[in-house]
Structure formats: C-alpha cells, structure tokens
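Number of protein chains: 2
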Amino acid sequence: MSYNAPVKDMLFVLKELAGIDAVATLPGFEDAGFDTAQAVLDECAKLSGEVIAPLNVEGDRAPSSWRDGEVTATPGFAGAFRQYVEGGWQGLQHPSEFGGQALPKLIATPCIEMLNAANLSFALCPLLTDGAIEALLTAGSEELKARYVPKLISGDWTGTMNLTEPQAGSDLALVRSRAEPQGDGTYKVFGTKIFITWGEHDMAENIVHLVLARTPNAPEGVKGISLFVVPKFLVNDDGSLGARNDVHCVSIEHKLGIKASPTAVLQYGDNGGAIGYLVGEENRGLEYMFIMMNAARFGVGMQGVGVAESAYQKAVAYAKERVQSRPVDGSLKQSATIIHHPDVRRMLGSMRAMTEGARALAYVAAAYSDNAHYHADPEVRARNLAIYEYLVPIVKGWSTEMVNEVTSLGVQVHGGMGFIEETGAAQYYRDARILAIYEGTTAIQANDLVGRKTVRDGGAVAKALLGEIARTAEELGQAGGAAAASMRAQLEKGARALANVVDYVVANVKSDPNAVFLSSVPYLKLAGIVLCGWQMARALLVSQRELANDAEFHGAKIAIAQFYAEHILPQAGALETSILAAKGDTGVLALSEVQF
Amino acid sequence: MSYNAPVKDMLFVLKELAGIDAVATLPGFEDAGFDTAQAVLDECAKLSGEVIAPLNVEGDRAPSSWRDGEVTATPGFAGAFRQYVEGGWQGLQHPSEFGGQALPKLIATPCIEMLNAANLSFALCPLLTDGAIEALLTAGSEELKARYVPKLISGDWTGTMNLTEPQAGSDLALVRSRAEPQGDGTYKVFGTKIFITWGEHDMAENIVHLVLARTPNAPEGVKGISLFVVPKFLVNDDGSLGARNDVHCVSIEHKLGIKASPTAVLQYGDNGGAIGYLVGEENRGLEYMFIMMNAARFGVGMQGVGVAESAYQKAVAYAKERVQSRPVDGSLKQSATIIHHPDVRRMLGSMRAMTEGARALAYVAAAYSDNAHYHADPEVRARNLAIYEYLVPIVKGWSTEMVNEVTSLGVQVHGGMGFIEETGAAQYYRDARILAIYEGTTAIQANDLVGRKTVRDGGAVAKALLGEIARTAEELGQAGGAAAASMRAQLEKGARALANVVDYVVANVKSDPNAVFLSSVPYLKLAGIVLCGWQMARALLVSQRELANDAEFHGAKIAIAQFYAEHILPQAGALETSILAAKGDTGVLALSEVQF
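For the record, the sequence lines run as chains A and B.
Going by our numbering, the first sequence opens with residue -15, and the numbers climb by one from there.
Going by our numbering, the second sequence opens with residue -15, and the numbers climb by one from there.
Quick look at the structure:
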C-alpha cells in the first residue's frame, strides 16, 4: 500500500489534544465521540489507502487532458469518485437535512487529511465542492440551497470557486467579470476566469461554479463584487438538467504538480451570456467568498499535513530498505540500511516532527471551530471563534510552508533515486509546491494574521494562547525527564519570542507599516513553530504518563517531541531577531527598483 | 535576454574580496590580473546570455532523447557547444601545453557560474570534462595525457565520471564493476554504471569515460578500486578514431529536472569486454577519483550560485512588472507593481543575500586554491590548501542547500504563475534539486567537513578562519553606521556559535559519534551561513568606503549585507542550539526501526 493512514496518531490527537470527548457533549454531536471517530477513520483509511492512493502516481503520468472544451480525468478517477460519494464522504460535515452526516469538523478533518495524503489532485475536487456547499448554506436563498446542495453532497454535481482573473490574483479589487440583470431575477455573466480547479471534468454530470462578478454601477474595488451560481448545465424546476450554459473551458494549464487536477481557464458569456443566479445580496460577494475561502484555507493546511505524511512514509520505507555505507559508530563491519545513519534519522525526525506538530495544531483548531459553532454558551462560542480565526492563517500558512521542506527532505533521503521521477518522491515535492500559493499565498495569510487577527484585538487572542502555553510549560516542569526539560526550555524561549513579536506588531503597525509587513511571514512562521511546539509539548506530557501502556508508540512520540524541541523550536529565536531588527528598516525597503 | 551575468558584482568580489591583484603576482599568472578578468568575464557574459541561456527552456521542453543506444541532445545544443569550445572556454583553467588558457581558478570560477546560470543542463557537459582532464593530468601517464587531454580541451571529445552502480551510490566500497588485465597493458572492463551525466550524446565525436572498477584479487572495499579510461571509440596511435568500444547506453533517466542533460545507464562488456587503460596505479582509483570529485564538488557549488542568480533575476523582472494590490503604507490609492510590497522585498532580499554570500565565499575559495597551487612559498601553499579543502564541502553543501530555498522563493514571488511551467520559475526549482544530491549529498559533504576537515586537525583551520572573522568584526566596529553595527553584532554571535560547535565536534566525535554526525549537516549549514556572512561583512566595509563613487551599486550592496546580517545570520544561533542539544541523544538515535 502506498499510503497507510496514521490512524493511531490521529486518534491520539483527537482524544488527548483536541478533546473529542468535550466536542461530543455539544448539542447535535452526542453520537460523535471517540468510538464514532475510530469507526469513521478506519473506514476512511481503507478507502484512502486501497482505492484513492493507488491512483496518485497514475494521475501524474496521465494527467487530466483537454480536447475541444471537454476535460477527461485520469483513468480510474471517475470510478474512485463514485466510490467516494457513494460512501457518503462528501457529506461528512454537512447538515443531515441536505443528505449529510453532520459530523463535527474534528472528525471530518482527519478524513480530509487522509484523502489529500492519498491523492492531492483527486482530493481537490471534494475540497472545492465543500467550499461551494458552505457558501450556499451561509448566503444562498432557500431555493438555491434546495436546488444545489443535495446534489453537491450526493456527488452528482461538483463545485468550483471562480475568483482569479488574469489581472486579478491576490488582488480581487481588480476583478472585471460582469453580471447583467435580466429583469427575471437571473443575470448574464461575462468574463474570463483562470486557475479554476476542477473547473471542467467528466466525473460528475454537472458543475456548479461560484463566480465573482460586478453588476452594472457597482462600486469600484472589493465592495462592488457579487457572488453568482453559474451551473455548467442549467437546472430545470424539477431538478433535471436543462440546456448547456454559456461557460466553456478554453484550456487547462501545464503545471509543476497536481497534474491530474485540471486547472481551467473558463470563458463566460462568449455566446450571449452565461445564466447566473445571485447568491445573497449584491456587492457582498467577497464576504461570502471568504466563507468558502476560510474553509478552503483550513483544508489547504490539511493538504500540507497530508502530503507531508505521505512523503515521510515513503522516505521511511526507502530508508529501511536501501543498504549503503557502514555505521559511523563502527557498530557494523558491513554496509547497513540507511536508517542506521544519523543524518537520515535527522531528516526523518525533522519530517515527522513538523508533520505531527502541524497535524496536532490543525485538529485542535478544528475542535475550536466545533465549539465556536455549536456550543450552547454564546460567550464560549465567541471565544472559540476568535481563537479558531487566529489559527486559520497559521494552519494554512505554516503547514504549507513546512511541507515544502518536508517533501524536499523526502527527496534527499532517497539520494539520486529521489531525482528520478519513477521513484515518486519528486511528485510529492512538485505537488506540494502549490499549497503555499493557492487560496492565498503565505504572505496573504500573514497579512491576515497581522491585520485582522492580531492588530484588530490588540493581540488579545495571541496573548490568551500564550497563557495556555505557560500552563503547559509549568506542567513540563513538574513532569521530569530530559525530554520534558528540553521541551520546557525551548517552549518557554519560543513563547517569549512570540510574545515580544506580538507586542512589536501591535505597537508598530501604524507608525512603521512597511517594516511590520516585511516581517509578516516571519511572524506567521514563528507563531506556527511555537503553537505546533505547544501541541508537541502536550503530546509529550500525555505520552510520558502513558508510556508503560504502549512503550513503542509513546516512546516514539516522546522522541519526536524532543526532536521538535531541539531542532524546530530554536528557529523561533532567529525569527524574533529578524523581525525586531526590521524596525525602522532603511535597507531593502529603501532600495530603488533599479537597485534590485 | 533571459540571463544577464552580474559582471559588476563578480568583478567587485574578484577585486575587493578574493584579491585578484594578489593572484596576479603568482608565478605564471602575471597577465591574469583585473583587466584580463574583466575582458574574459565580458566575453563569457555575452556567450552565456546570447547563445547558451536562450536554449535553457528548450532543453526542458525537448529533453535529450534515447533511441537504440544513441542519445540525441536538445536541438541547438550541439551548435552552442561548438561555439563554446571554439571560443577556448573548455581550456580556460587548463595548462597551455595541452591547448588551454592556463588562467587562474579565480577567473575561471565566475565563468563557470555564468555558464551554469545560463543553462545548467548544458553546463554539465563541460563540467564533467573538466573533471576528466584534472584526473588525467594528475594521475595519467604521459601517453594517456598526450592522447586524451588535448582532444578534451579542444572539445572534440568530452569526458564523464563513472562511479555509481545500482547498489553503490554514496558507498563506493560496494562497487562491483571489474577490469581484467589482458597482458598487453590493457584491461577488459565489465559492469553496469548508472547516473552517468552526458554518458552518451551526439555533441562530440568521442566520449572519454573515467571508470571505477576492481581488478582480480583486489582488496575488498574502497582500497581495491582502480581507475580506467574507457573511450567510446578506441583511439589509434595517430590519434584517429578506431573501433567502437564495448560500452553502450542502454537507457537514460526520466528526471525531475536538468532534463536536457542525459543521465545514462552504461553497460560495459556485454560483447566481450570494453577496452580500458589503467590511470596511475592499481587500487588507487578512489584517490584519483577524489581529484575529479573535489573539482566537481566546487563546480557544483558554483552551479548552486548560478541557478540562484538566474532565479533571482527572473523574480525581480516579474516583481517589477506584475501589478497587484495597494501598498500597505497607503502611499498609493491604486494597485502597484508587487516590488512595492514588503514581503516581496523580503523574498527578493533573501534570494539576493544568499546568492551574493555564496558567490563571495566561492570566489574567495578559488583564490585560496590558486595560492595553494601556485604560490612560491610551500608554507603559504600548504596553509592555503588546508583552507581551500575546508571550504570545498561548505561551498558545495551550502550553495546547493540555499539554492533550493532561493528557487522556491523564486516560484513564490510569481504567485500562481510560478506553478505554471511556461513561466519558467518552476524549471529552476526542479533543476536545482539535484545539486544537493549529486557529487556527494549534503550529508556526504558534511561528513567530510567533520571527519577530514575538522577533526583531523583538531579544528585548527576552522579556528584560523574564526580569527579572520574576529578581525573583520573589529573593522565593522570602527566603520560606524547602522548596517555595520547590525552586521557586527550578528557576525560575532554567529562566529561564537561556530566556535562552540567546532569545539564540540572535536571533543565529542570519538565518544559520541552518532550525536556528532546527527549534527554534521547543521554544522555545515552553520559554517556556510557564518563564512558567507563574513564575506558579506567584508563587502559591506568596502561598499561603505566606496559609497560616494557609485551610490546605486554600493548602496544596494550595503542594504543586502544588512539584510544578510538580520535575516540569514540569526539562523546560526538556532543551529548551534540544535547541535549542542544532540549531545548524548537518546531520542531519534535510540528509536527502533519499527518506531519510524
């Protein structure tokens, strides 16, 4: 099997770090406790490992292809997608009234990780559909919901997000697509959208495009953007499919990775106008799109964790099998498998520590989200929501940055074979590279972290989390042992660095915005490193207590936590130094264009 | 032009940091001063930019191809190679008695950088030929030299290095190819060699393979390996080509990058044995191969610098042209080119700082090499040789690690367009990924740095360099200004970290070898960061003095040096913490295989 879902570690995080028992006390989630999670994860592991992962390499070798406006998915993908939707997986976290399973995000999250670990290109299709469902549920009329959501959940149809245009990438103020009201409640949509993931394919009978466009006389900039549903095939009142709509895929991109996932250029309205239906109110499109984007951003963070896990598993398998060179300690007189070599252990340790840390933080964030949406007490909801929203750019930004390093180490463990495409390590390296770019680059995440998530509340949420970290550090002090001592020292240093940086950001963003934003990505990375380190510390405490019950599992958890403390957390201090040094920068910020 | 050689920065480094004037006082280099360098670099810049760089993208789209044992290079490559050799470039640093130009390594080095920046795949062919020439000159008989070297320098023939076999990658002890003496002074060679760069092609009339193999009854392991010349076509006594030798290319690899450079599987002796000629003495093959490897390793370090420069240039061009989002400081009411955005400046600053630092260190190393080989005083030669040999694994290891980060940032600056292959940023990311692997992975470089270069002399060379750094830090203290103060603080911290680590390595390698080698790569990175930082500090001092003469150039040098101080050098402390924490490690080193 090319991917073996780490169900044991996932359940450990759900139970010991993310508090699934507490989530199961929320109204509606009474049946969604540990046992349910275990059953769901086991099933998902089977589907991911046996059905979806085996198609991953094929998707790279025989990418989806375009011909005369039609896109054919990689052989096998359509069949696997049928199995996926027939198993009810698309509806995992969606309401039961529309055919979903209504499970907590905390249980859906490991499933999303598995799917993406198994096959990133494949998993993008359900991920985008999830986003479309969330946007419709939040902002769509009852009629739109009733017409589209059940079909999206059943997988008869899939969904897309249409934001980007050639001149409008991160900058949605530049969107030029337009929508003209027809007097009958419908609109005609015109324009070109690019980078539309699964924007055209043959895996479902209809595709539901959610499209940003401007109505006539709309205000300039982001306040004049509206959101429309534009189905590939119009939908009759009885739910059957009608005429082909005027949206066409004119090409797909030739990409570095995720080649099985078609990235479409969509042309709207070349033959009179594509019929579209307004979602919610005019000019509030960006707000609704952010609902999709925030869900998608969290999902992209999980993609990072998933691909990192797959790259790690592949590297471990190779390291256990490849024989090369004698051990440096002279313990063997002949060449050994390379897992004996300290540098290979350093690489595997780095890969696993970063992956486990990012996984733990993301699952913990998912639990905050469940509490934010379903807790009976509005104050608890609000507090959880604020923390979740602080964590989203970090889960997205840090998981997708670290996966570039993890997949690069995965190539390196393979030596020369890592550079040969047939080995498969290079595919993870290529596929992963999009993750820090799409759904908002790391800089976009970091600007969100600085602006909306830190400055707006004066750093209050960040400080609340630092308070939690201080409590964990205290527990480490009481726990004893070398690993806990090492973790305590590094976690406290990291937390001080983060606290100093939060203070600096809040104090200087108005007076010295360029310097603060020069450091926004370093701040995001620092926050990611420290918050994941906090989760590794919590895991260490649990595993020290449980060691006697399962020495193999918990012994490894402790070793990896210690590795995280000693090899990943020390980067926090370096980032702090860089960030604080930028104050009043007269260096790269002051250079003229010609000096670059 | 897709690549514009940074001749001005190269000449700055040659003159101000690497001491070309001093090199021009060495016997034989009297005409090889600054003016010569300038003339040679200008010519090379023209060839690289106008002839070789334009073929780079084509090489990726139409890689070299294999059919029936023959390899056809990318269209245009053969013609460009003719221009290259007819310009005398292959002989740049080789002796004039064999047709070379006999220029110092210091002048050849920027030319190698340019060639690799322009087209990594293309440049590999001359790079391997250089290695073959050096091995023959050092260890070959007069007859072998006379027969092969002039043709290699003229480019009528090219050279290869044949080390790797399927079971013998980094571990040459496992080499199984064999060579049977025929009684007439020749040998018959049998075996399979893989990963042979430019091992078969149609750009030259003959290919001179330098092949590691075992003679009958040779000792086991690396002490039983001999080096042979095995030409593709046998060479008659009059120098004309004779029969086709029994070495055949049975396939080429499908790779992540450098696709235009054919990576051959060579089969020796399937039809009775390939005729080979012993180089030097039996069983000393590894020693001779190391001559080629050390030259090649330095060259691969330059490949890292070259590709980093190209990725930087491409990113800058895009950043000056792409319009997206308003400046964060509110200085413009409409969207601006992205070079206005602080995070883009951070990325460009990182790319340039790492590239300039690695370039400076490599050129300085080249000057040590020239002094090591040509200085009249044997003591000076020995001292320079020791420093050069300490620097080789760092130039190779650090330049090739940093280029992965630089090319990744290059993709990131392009946003979504970076992931589209037609943009070209992704090619640098893919091409560069081999550099930290071939000619010895970073771990192999790091083990060399620890074992042969640090422990063997008790850290003496490292300490000597630290003494030089302390003098530079003092000068910074006298120089004044914010940039110099910042650089001094960070350089001194970095130097202390390096000193502590050298002490730790020397003191613990015997008692705790696994922990020390767990940290060998972090030590190499630390040394790279600090030594490049030292060169950036020296550049800063010069540029502060010269600022009034050329404010545009020197102002940028100062800003980039300050950026290096504040964003790259702080990583030294994090690495030190990780390295020292590994002492007595009972974490990842103690895990059982099943725990991974």
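For glycine and all other residues, C-beta sits at the position ideal for the given N, C-alpha and C.
Since we're looking at a predicted model, the values are computed, not measured.
{"Asked": "Hey, quick one: how far does the beta strand (DSSP E) through residue 49(B) stretch, first residue to last?", "Found": "49 to 51"}
{"Asked": "Run through the DSSP bridge pairs and tell me what residue 144(A) is partnered with.", "Found": "193(A)"}
{"Asked": "Where does residue 251(A) sit, in a helix, a strand or coil, going by DSSP?", "Found": "strand"}
{"Asked": "Let me know if residue 40(A) comes out buried or exposed under the rule of 16 or more other beta-carbons within 10 Å of its beta-carbon.", "Found": "buried"}
{"Asked": "Using a beta-carbon distance below 8 Å, is residue 237(B) in contact with chain A?", "Found": "yes"}
{"Asked": "Residues of the stretch 321 to 339 of chain A with a CB closer than 7 Å to any CB of chain B: list them in chain order, please.", "Found": "323, 326, 327, 329, 330, 332 and 333"}
{"Asked": "Measure the Cβ-Cβ separation of residue 504(B) and residue 431(B) and say whether it is below 8 Å.", "Found": "yes"}
{"Asked": "Taking residue 144(A) as the reference, which of -1(A), 130(A), 151(A) and 120(A) has the closest Cα?", "Found": "120(A)"}
{"Asked": "On a CA-only basis, which of 410(A), 460(A) and 511(A) is nearest residue 446(A)? Give me that one, please.", "Found": "511(A)"}
{"Asked": "Kindly indicate which three-state DSSP category residue 239(B) falls into: helix, strand or coil?", "Found": "strand"}
{"Asked": "For a contact defined as C-beta to C-beta under 7 Å, what are the partners of residue 558(B) on chain A?", "Found": "554, 555, 557 and 558"}
{"Asked": "For residue 581(B), which of helix, strand or coil comes out of DSSP?", "Found": "Outside the shown range of chain B, which is -15 to 580, sits residue 581(B), and nothing can be said about it."}
{"Asked": "Counting only Cβ-Cβ distances shorter than 9 Å, please list the residues of the stretch 132 to 163 of chain A near chain C, keeping chain order.", "Found": "Going by chain labels, chain C is absent from the structure shown, which instead holds the protein chains A and B."}
{"Asked": "Under 7 Å between beta-carbons, which chain A residues line up against residue 546(B)? List them in chain order, please.", "Found": "571"}
{"Asked": "Any beta-carbon of chain A closer than 8 Å to the one on residue 357(B)?", "Found": "no"}
{"Asked": "Nearest to residue 292(A) by alpha carbon, out of 382(A), 374(A), 255(A) and 308(A)?", "Found": "382(A)"}
{"Asked": "Return the chain-ordered list of same chain residues with a C-beta closer than 8 Å to the C-beta of residue 227(B), the five sequence neighbours on each side being excluded.", "Found": "217 and 218"}
{"Asked": "Go to residue 326(A), then tell me how far its beta strand (DSSP E) extends in each direction, as first and last residue.", "Found": "Run containing residue 326(A): none in the beta strand (DSSP E); it sits in the alpha helix (DSSP H), 326 to 358."}
{"Asked": "For a minimum of 3 consecutive residues, which ranges assigned as the beta strand (DSSP E) are wholly contained in the stretch 23 to 110 of chain B?", "Found": "49 to 51 and 54 to 56"}
{"Asked": "Does chain A have any CB closer than 8 Å to the CB of residue 402(B)?", "Found": "yes"}
{"Asked": "Chain B beta carbons: is any one of them nearer than 8 Å to that of residue 626(A)?", "Found": "This structure does not reach residue 626(A), given that chain A is present from -15 up to 580, and the question cannot be answered."}
{"Asked": "Would you mind sorting residue 455(B) into buried or exposed? The rule is 16 or more other CB atoms within 10 Å of its CB.", "Found": "exposed"}
{"Asked": "Assuming residue 353(A) contacts residue 393(A) (C-beta within less than 8 Å), just tell me the rounded distance between them.", "Found": "Not really, about 30 Å apart at Cβ, beyond 8 Å."}
{"Asked": "Check whether the Cβ of residue -10(B) lies closer than 8 Å to any Cβ atom in chain A.", "Found": "no"}
{"Asked": "Any beta carbon from chain A within less than 8 Å of residue 274(B)'s own beta carbon?", "Found": "no"}
{"Asked": "Could you spell out the range, first to last residue, of the alpha helix (DSSP H) harbouring residue 362(A)?", "Found": "362 to 397"}
{"Asked": "Name, please, each residue of chain B whose Cβ falls closer than 9 Å to the Cβ of residue 502(A).", "Found": "326, 327, 329, 330 and 333"}
{"Asked": "According to a CB-to-CB cut-off of less than 9 Å, which residues of the stretch 451 to 467 of chain A neighbour chain B?", "Found": "466 and 467"}
{"Asked": "Could you tell me the distance, in whole angstroms, from the CA atom of residue 178(A) to the CA atom of residue 275(A)?", "Found": "20 Å"}
{"Asked": "Using a Cβ-Cβ cutoff of less than 7 Å, which residues in the same chain neighbour residue -10(B) once the five nearest sequence positions on both sides are dropped?", "Found": "293"}
{"Asked": "What's the call for residue 569(A), buried or exposed, on a 16-neighbour Cβ count within 10 Å?", "Found": "buried"}
{"Asked": "Using a Cβ cut-off of 7 Å, pull out every chain A residue sitting near residue 540(B), in sequence order please.", "Found": "575 and 579"}
{"Asked": "With 8 Å set as the bound, which would you pick, yes or no: does the beta-carbon of residue 369(B) sit closer than that to a beta-carbon of chain A?", "Found": "no"}
{"Asked": "Report back the beta-carbon spacing between residue 244(B) and residue 17(B) to the nearest angstrom; my notes put them in contact at under 8 Å.", "Found": "Not confirmed; about 36 Å, so no contact."}
{"Asked": "Write down every uninterrupted run of the alpha helix (DSSP H) in the stretch 517 to 561 of chain B whose length is 4 residues or greater and which is fully enclosed by it, in chain order.", "Found": "535 to 547"}
{"Asked": "If you follow the alpha helix (DSSP H) that residue 281(A) is part of, which residue opens it and which one closes it?", "Found": "269 to 305"}
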